[in-house]
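In the working numbering, the protein residues as written are 439 to 662.
Below you'll find the structure, written out as structure tokens, and then a few comments.
In structure tokens, the structure reads:
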């Protein structure tokens, strides 16, 4: 019997974990409904769920395609289950690989990335628990301060910008299209249209960026 490769084992464990997590997530509302004798109307559930699924499934696919080459499959499985992917898990994984000196996509890099995401998850749980129990009343005035609100609203873009900058320096030619296309799109259609259709715009940017990189590679301007 052929021994499974590292990636095969990661995908097997990842799929099992995601399925178990989905069962657990769905078990909470259905379990509470059953315990309290509340009927579940499937038609009403689908009526409200389908629009959300159509929107966020596209966004989820785009995010997975974008993050998987950066943090690896194993870390992405954990990050998708535990949440805070773009603002905590990806920066933690990327920084851990840089400190350890491993490249994204290698087996050692994937292992370091998984350890970083796991550590980030535990830290998040501890901080959320402490904040819920003790710190929320202390920090509420800071979060609600009108002067600081713009900073909190732009926290994720700031993190993503800091995360992308090293990759832009390493691959400036490949970065031209992914940076310019969204800027052109938002200037052309406006912020409101861009925000409501960003999942579809993201798909177009990803496809065109890949085609652009392939064209550069075929012309010998970049290495594989």
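Using N, Cα and C, we set each Cβ at its ideal position, and we do this for glycine too.
These figures come from a predicted structure and were not determined experimentally.
* Report the residue ranges of all beta strand (DSSP E) runs contained in full by the stretch 500-564; include only those spanning at least 3 residues, in chain order. => none
* **Alpha carbon of residue 623 to alpha carbon of residue 476, nearest angstrom** => Here residue 623 refers to the residue found at position 185 of the chain shown. Here residue 476 refers to the residue found at position 38 of the chain shown. Approximately 46 Å, taken between the alpha carbons.
* **Inter-residue Cα distance where the pair is residue 628 and residue 446** => Within the chain shown, numbered from 1, the residue matching residue 628 stands at position 190. Within the chain shown, numbered from 1, the residue matching residue 446 stands at position 8. Spanning the two alpha carbons is a distance of roughly 44 Å.
* Asked: Does DSSP put residue 477 in a helix, in a strand, or in coil?
  -> Here residue 477 refers to the residue found at position 39 when the chain shown is read from its first residue. Residue 477: coil per DSSP, three-state reduction.
* Of the listed residues 616, 522, 584, nearest to residue 559 (C-alpha basis) -> Looking up residue 559 in the chain shown gives position 121. Nearest C-alpha to residue 559 among 616, 522, 584: 522.
* Do the CB positions of residue 510 and residue 551 come within less than 8 Å of each other? -> Position 72 of the chain shown, counting from 1, holds the residue named residue 510. Position 113 of the chain shown, counting from 1, holds the residue named residue 551. Contact flag set, yes.
* To do: Note down, in chain order, each residue of its chain lying with its Cβ closer than 7 Å to the Cβ of residue 636, except the 5 sequence neighbours on either side.
  => In the chain shown, residue 636 corresponds to position 198, counting from 1. Excluding positions up to five away in sequence, the list is empty.
* Tell whether a beta-carbon distance below 8 Å holds between residue 594 and residue 524. => Along the chain shown, one-based indexing puts residue 594 at 156. Along the chain shown, one-based indexing puts residue 524 at 86. For residue 594 and residue 524, yes; Cβs fall inside 8 Å.
* Grab the span of the alpha helix (DSSP H) containing residue 605 for me, first residue to last. => Taking the first residue of the chain shown as position 1, residue 605 is located at position 167. Taken as a continuous stretch (DSSP letters only), the alpha helix (DSSP H) holding residue 605 covers 593-608.
* Asked: In whole angstroms, what is the alpha-carbon distance linking residue 439 and residue 513?
  -> For the purposes of this step, residue 439 is taken as residue 1 along the chain shown, with counting starting at 1. For the purposes of this step, residue 513 is taken as residue 75 along the chain shown, with counting starting at 1. Low local confidence applies: a pLDDT of 42 at residue 439 is under 50, so the model's placement there is unreliable, with the coordinate-based value given in what follows. When rounded, the distance between both Cα atoms is 28 Å.
* To do: Mind reading off the beta-carbon distance from residue 601 to residue 507? Whole number of angstroms is fine, and I expect it under 8 Å.
  => The sequence position of residue 601 within the chain shown is 163, counting from 1. The sequence position of residue 507 within the chain shown is 69, counting from 1. No, residue 601 and residue 507 are not in contact; Cβ-Cβ is about 13 Å, not under 8 Å.
* Separation of residue 596 from residue 653, as counted between CA atoms -> Within the chain shown, residue 653 is the residue found at index 215, counting from 1. Within the chain shown, residue 596 is the residue found at index 158, counting from 1. Each residue's alpha carbon lies about 31 Å from the other.
* Beta-carbon proximity of residue 417 to residue 540, cut-off 8 Å -> Here the chain has residues from 439 to 662 only, and residue 417 is not among them.
* **Per-residue DSSP class, three states only, for residue 442** => Residue mapping note: residue 442 aligns to position 4 of the chain shown, counting from 1. Residue 442: coil per DSSP, three-state reduction.
* Return helix, strand or coil for residue 658, following the three-state DSSP convention. => As a first step, residue 658 must be located in the chain shown, where it is residue number 220. In the structure shown, residue 658 adopts coil according to DSSP, grouped into three states.
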